[in-house]
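Asks: So the sequences go chain by chain: A and B. Anchor point for the first sequence: position 151 equals 151 in the numbering used here, and the numbering is continuous, going up by one each time. Add 232 to a position in the second sequence, counting from 1, and you land on the number used in the numbering used here. Glycine is no exception: its CB is placed at the ideal position from the N, C-alpha and C atoms. Have a look at the structure that comes next, please.
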Amino acid sequence: MELLIDGLKKAIEIILTGNQDILAITLLTLRVCFISTLISTLLGLPIGIWLGLTRFKGRKILLTFVNIGLGLPPVVAGLWITMLLWRSGPFGELGMLYSPTAIVMAQILVSLPIIISLTCSAFQQINEKMLLQIKALGATKLQMLLLLIKQSKVAIMAAIMAGFGRVIAEVGAAMMVGGNIQGDTRILTTTIVMEVSKGNFDIALALSFILLSLALLITAALTFLQQRRRFS
Amino acid sequence: MKKNRLLSFLFAAMLILLAACGSTDTKDSAGASEKKEAPKAEATEMILATTTSTQDSGLLDEIIPLFEKENNVKVKVIAVGTGQALEMGTKGEADALLVHAPASEQAVVDAGDAINYKRVMYNDFVLVGPKENPAGLSGDDIKAALAKIADSKAVFISRGDDSGTNKKELEIWKAANITPEGDWYVSTGQGMGQTLQVAAEKKGYVLTDRATWLAQSKNLDTLQIVVEGAPDLMNIYHVMQVNPEKHDKVNATDAEKFVNFMVDDETQKVIENFGKEEYGQSLFVGYTE
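Here's what the structure looks like:
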């Protein structure tokens, strides 16, 4: 109990004094999480919509692989990316291992399946009759697509939130491909692991409060966007 | 169309935030900032694979910035167990190594994967155990102590992660002619800090390096040092660079500078003074050849 209060005090102290190191770590965390969620969204939405609206041979197999990806353990994603980026690996020339870019890659790998899968289920549930009706009213393909996206807003936002939740909570892959390097690839979750192994439970707790507050703020913003009523 | 406006608003907001984070980040991060380094040549990068003890004790935070400043290098410190650090060396994934398992290190040097192998510093291992001391251990004879633990089947917590400490522990079991197995022998597979936590919870004995013990003992009030001071408990750290002739992507220039930096008199002084203020004793003692 005492430790919890210590941690909370420490968190407030860190925020008030504007600790430079932790500020940099927090900003980096935000940056990699936003970039990876953004890329996953930009890639995942079209793929999800396509998988949800079309029917073709091999679609179920493809979908199975996407759904397996829902449970892809981050350390497995991390291990694969590490081996690809090793100096001796196929992309070794790029020298990208132990960089924020490597963390973004691993986070995309774990969040993309979530966004694809949830988007796909949302679009698959759209009533066939409605599709026919839209077509009958003479909508172009683009108009129809926009209409359907509008219809599925709540589900799309849920997919984005789930993807974001995955990347901000992720630690195993970030540790492996990022290396938790001071001033370079240290993000909030990996710092928490390190501080725990150093025995600095108060700092670890303080960081956990900061991480949770960030997640809360961002998820709240997204939820408000999701739940906003359409007045038009 | 409201929906699209919402989505585009969301993306725009994300982009603005990204841009904001990006710009502040370049201003803040002291070492890597290109703006700061602009007048000089661009900083080169090297990867140092090392053990968790040098990072968890805080030693590297003290000396790495000195080296980076002196040589305009960005050192990427990867803190893992000694076994993994050596493996990174033999694969050419690191440029320099700072580790503490002399027997395994020698094998890497003999295989030609590492060159410029130099002794840097030492501290010692200590056996810590529960304050109740169920096996009744004391003194400095570590082999006899382990034998007593095995006899009385008192709980012993092992790192079990192929780290330098783990290798040392197995070495001593072997020297004492005991194969540790059974319910009393617990293998955590985790770092020193977590393993000490497990020992404190399970009231077990555990072999640890003194630096980590000193740094963590504030959280471990059920444990105490029971055996220390034996010559075979010495914990020696070596530095080496990965052989550029065997691994062509290695940054040999900076790695060589790093090896020389570690054995330099100035650096040795910093090492000796590290921790004196906080713990009243040096965590590492300079020990060059």
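Examine chain A for any beta-carbon lying closer than 8 angstroms to the beta-carbon of B:Thr454, and answer yes or no.
Replies: Output row for B:Thr454: interface = no.
Asks: Give me the Cβ distance between B:Leu439 and B:Phe357, rounded to the nearest whole Å; I'm assuming they're in contact under 8 angstroms.
Replies: With a Cβ gap of about 6 angstroms, B:Leu439 and B:Phe357 count as contacting.
Asks: Can you give me the Cβ contacts of A:Ile108 inside the same chain, cut-off strictly under 6 angstroms, excluding the 5 residues immediately before and after it?
Replies: Counting only Cβ-Cβ distances below 6 angstroms, and skipping sequence neighbours, we find Ser36, Ile39 and Ser40.
Asks: Would you kindly check if the distance between the Cβ of B:Lys385 and the Cβ of B:Trp416 is under 8 angstroms?
Replies: Cβ distance < 8 angstroms, so B:Trp416 and B:Lys385 count as in contact.
Asks: What residues in the region 159-182 of chain A bring their beta carbon closer than 9 angstroms to a beta carbon of chain B?
Replies: The region 159-182 of chain A vs chain B, Cβ under 9 angstroms: Ile160, Gly179, Asn180, Ile181 and Gln182.
Asks: Chain A partners of B:Gly324, CB-CB under 8 angstroms?
Replies: Within chain A, the residues near B:Gly324 are Arg87 and Ser88.
Asks: Does the beta carbon of A:Phe237 sit closer than 8 angstroms to a beta carbon anywhere in chain B?
Replies: With chain A represented from 1 up to 232, any question about residue 237 of chain A goes unanswered, as that position is not in the structure.
Asks: Indicate the three-state DSSP secondary structure (helix, strand or coil) for B:Pro362 in the structure shown.
Replies: B:Pro362: strand per DSSP, three-state reduction.
Asks: Under 8 angstroms Cβ-Cβ, which residues of chain A neighbour B:Gly425?
Replies: In chain order: Val196, Ser197, Lys198 and Gly199.
Asks: Can you tell me the Cβ-Cβ gap for B:Val458 and B:Asn365, rounded? I've got them flagged as a contact below 8 angstroms.
Replies: The Cβ separation is near 6 angstroms, so the contact holds.
Asks: B:Leu329 and B:Val495 - do their beta-carbons sit closer together than 8 angstroms?
Replies: Result no, Cβ atoms of B:Val495 and B:Leu329 do not sit closer than 8 angstroms.
Asks: Along chain A, which residues have their Cβ under 7 angstroms away from the Cβ of B:Thr282?
Replies: In chain order: nothing, as chain A lies at least about 11 angstroms away.
Asks: Give the residues from the region 2-18 of chain A that approach chain B closer than 9 angstroms (Cβ to any Cβ), ordered along the chain.
Replies: Within the region 2-18 of chain A, no residue qualifies.
Asks: Our contact map puts A:Gly163 next to A:Ile115 with C-beta atoms below 8 angstroms; I'd like the distance itself, whole angstroms only.
Replies: Between A:Ile115 and A:Gly163 the Cβ distance is about 5 angstroms, and since that is below 8 angstroms, they are a contact.
Asks: Quick one, are the C-beta atoms of A:Ala169 and A:Leu118 less than 8 angstroms apart?
Replies: Going by C-beta atoms, A:Ala169 is not nearer than 8 angstroms to A:Leu118.
Asks: Can you check which of these residues, B:Lys489, B:Lys363, B:Gly344 and B:Thr286, is closest to B:Glu277 by C-alpha distance?
Replies: The shortest Cα separation from B:Glu277 among B:Lys489, B:Lys363, B:Gly344 and B:Thr286 belongs to B:Lys489.
Asks: Would you say B:Thr454 and B:Ala484 are within 8 angstroms of each other, going by their C-beta atoms?
Replies: In this structure, B:Ala484 does not lie closer than 8 angstroms to B:Thr454 by Cβ.
Asks: Check whether the Cβ atoms of B:Ala382 and B:Pro412 sit closer than 8 angstroms, and answer yes or no.
Replies: Going by C-beta atoms, B:Ala382 is nearer than 8 angstroms to B:Pro412.
Asks: Listed in chain order, which residues of the region 327-359 of chain B have Cβ atoms closer than 9 angstroms to some Cβ of chain A?
Replies: For the region 327-359 of chain B, which is checked against every Cβ of chain A, not one residue is closer than 9 angstroms.
Asks: So, is A:Ser88 buried or exposed, given that buried needs 16 or more other C-beta atoms within 10 angstroms?
Replies: Burial call: exposed.
Asks: Would the beta-carbon of B:Gln287 fall within 8 angstroms of that of B:Ala311?
Replies: Yes, the Cβ-Cβ distance between B:Gln287 and B:Ala311 is below 8 angstroms.
Asks: Let's test the definition: count the other Cβ atoms within 10 Å of the Cβ of B:Gln338 and tell me whether it reaches 16, buried, or not, exposed.
Replies: The residue in question, B:Gln338, is exposed, as its Cβ has fewer than 16 Cβ neighbours within 10 Å.
Asks: Could you tell me whether the region 142-154 of chain A touches the region 68-76 of chain A, using the rule of 3 or more Cβ pairs below 8 angstroms?
Replies: At 8 angstroms Cβ cutoff, the stretches do not touch.
Asks: Relative to the C-alpha of B:Tyr437, which candidate in B:Tyr349, B:Ile503 and B:Ile374 has its C-alpha closest?
Replies: Of B:Tyr349, B:Ile503 and B:Ile374, the residue nearest in Cα terms is B:Ile374.
Asks: Name the two residues that bound the continuous alpha helix (DSSP H) containing A:Thr64.
Replies: First-last of the alpha helix (DSSP H) with A:Thr64: Arg59 to Leu70.
Asks: Which residues in the same chain as A:Arg229 place their Cβ atom closer than 7 angstroms to its Cβ, once the five residues preceding and following it in sequence are excluded?
Replies: Cβ neighbours of A:Arg229 beyond the five flanking positions: none.
Asks: Is there a Cβ of chain B sitting closer than 8 angstroms to that of A:Gly52, yes or no?
Replies: By this cut-off, A:Gly52 is not an interface position.
Asks: What residues of chain B sit near A:Gly44, judged by a beta carbon separation below 9 angstroms?
Replies: Near A:Gly44 there are no residues of chain B at all, since even the closest Cβ is about 14 angstroms away, more than 9 angstroms.
Asks: Just reading off the beta strand (DSSP E) that B:Ser390 is part of, what are its end residues?
Replies: Element bounds for B:Ser390: Phe388 to Ser390.
Asks: Could you compute how far the alpha carbon of B:Asn398 sits from the alpha carbon of B:Met466?
Replies: Computed Cα separation, rounded: 14 angstroms.
Asks: Roughly how many angstroms lie between the CA atoms of A:Val167 and A:Val110, to the nearest whole one?
Replies: If you take the alpha carbons of A:Val167 and A:Val110, they lie about 8 angstroms apart.
Asks: Determine the contact status of B:Gly313 and B:Thr283, defining contact as a CB-CB distance below 8 angstroms.
Replies: Their beta carbons are under 8 angstroms apart, which means B:Gly313 touches B:Thr283 by this criterion.
Asks: So is B:Val438 in contact with chain A if we call contact Cβ pairs under 8 angstroms?
Replies: Answer no: the Cβ-Cβ gap between B:Val438 and chain A never drops below 8 angstroms.
Asks: Helix, strand or coil for B:Lys259 per DSSP?
Replies: Note on B:Lys259: pLDDT 37, under 50, position unreliable in the model; the coordinate value appears next. It is helical.
Asks: Can you pull the chain A residues whose beta carbon is under 9 angstroms from the beta carbon of B:Asp288, in chain order?
Replies: Going along chain A in sequence order, the residues near B:Asp288 (Cβ under 9 angstroms) are Met194, Ser197, Lys198 and Gly199.
Asks: Looking at the structure shown, is B:Gln426 part of a helix, part of a strand, or coil, going by DSSP?
Replies: The answer is helix: DSSP assigns B:Gln426 an H, G or I state.
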